[in-house]
Amino acid sequence: MMLTFFTNPMSRGRIVRWMLEEVGVPYEAVVTQWGAPLPEFLAANPLGKVPTIVHDGAVVSETAAICAYLADTFPDAGLAPRPEERASYYRWMFFTAGPVEAAMMDTHLGVAVPPEKEAMIGYGSLARAIDVLEGAVSANDYIAGPRFTAADVYVGSSIDFFTQFGMLDKREAFARYLDRLRDRPAWVRAREIDDALIAAAQK
C-alpha cells in the first residue's frame, strides 16, 4: 500500500492530516509551496490544489471527499458511518463543504447576495446557514449521532478554522462541540506536525 499526501501546513491539508492520523495508516507527506507546485503534484492534480492524496495510483482531491474515501477505504478505524448514521453523516459533511463554505467565502470576499436572489444560491443567507449548522452540532454529541466519525473531522475542522479567523460567530454550541474534538490524540498529533512545519518555514 502506497499513500502519498500532498499538502501545505497552512491549508485545508490540516484537515486531511488529522484524518490520516485518525486512520493510522502509513503515508508519505509531500509539502508543496505556494506558487511553486511540484511536477509530480501537478501530474496528480492539474489544478494544483492541496490537499490531494494518491493511494495506490488512485487520485482523490477535495477535502471532504478525501475524508469520506479514507473512512471507507480503512474501515478498521471505525470512522465510516453505520447504517443509522449515514443520513446525518453525508448531510452535514457536505452541507459544510458546500453551502457553509460558500457562504463563508462569499462573505469574506465581500460578495453581497440581494435578498431577492437568495433562492438562487445554495446557502440562502449566511445567517440562515450558520443557524442550521448550529442546530446540527447541537442535536447530538457528534455530527452523525453519539459516536465520532469522519464527518466530525471535516465539520469540526471547518468550524475551528472559521471561528479562529473571525468568520464564524463563537457560539456556545460550536465551542462545546469543538471541546469534544480537541482532546483527540490524532487531532493533537496532526496539529503538532503541521505547526512544526510552519515554525520551521518561518525561521
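Per UniProt numbering, the very first residue in the sequence shown carries number 1; after that it's consecutive.
Here a beta-carbon is modelled for each residue, glycine too, at the ideal position from N, C-alpha and C.
As assigned by DSSP and simplified to three states, the class of residue i
{"i": "Y27", "result": "coil"}
{"i": "Y90", "result": "helix"}
{"i": "F174", "result": "helix"}
{"i": "Y123", "result": "coil"}
{"i": "A58", "result": "strand"}
{"i": "T107", "result": "helix"}
{"i": "L42", "result": "helix"}
{"i": "T52", "result": "strand"}
{"i": "S11", "result": "coil"}
{"i": "A80", "result": "coil"}
{"i": "R189", "result": "helix"}
Option in the options with minimal Cα separation from residue i
{"i": "S61", "options": "D72, V31, D76, N45", "result": "N45"}
{"i": "Y123", "options": "T96, D141, A144, H108", "result": "T96"}
{"i": "S158", "options": "E101, E40, F6, L79", "result": "E101"}
{"i": "F6", "options": "V25, G24, A139, H55", "result": "H55"}
Between the CA atoms of residue j and residue i - distance to the nearest angstrom
{"i": "R191", "j": "S11", "result": "12 Å"}
{"i": "R189", "j": "A77", "result": "16 Å"}
{"i": "E116", "j": "A127", "result": "15 Å"}
{"i": "M120", "j": "V113", "result": "9 Å"}
{"i": "A151", "j": "C67", "result": "8 Å"}
{"i": "L181", "j": "F94", "result": "19 Å"}
{"i": "R86", "j": "L70", "result": "16 Å"}
{"i": "F15", "j": "V153", "result": "For clarity, residue 15 is Ile in the given sequence; the question names Phe instead. Distance between the alpha carbons of I15 and V153 is about 7 Å."}
{"i": "G145", "j": "T52", "result": "28 Å"}
Classification of residue i by the beta-carbon crowding that lies within 10 angstroms, buried from 16 upward
{"i": "H108", "result": "exposed"}
{"i": "S88", "result": "buried"}
{"i": "L168", "result": "buried"}
{"i": "F165", "result": "exposed"}
{"i": "L133", "result": "buried"}
Opposing strand residues paired with residue i [DSSP bridges]
{"i": "Y142", "result": "G145"}
{"i": "T4", "result": "E28, V54"}
{"i": "Q33", "result": "A36"}
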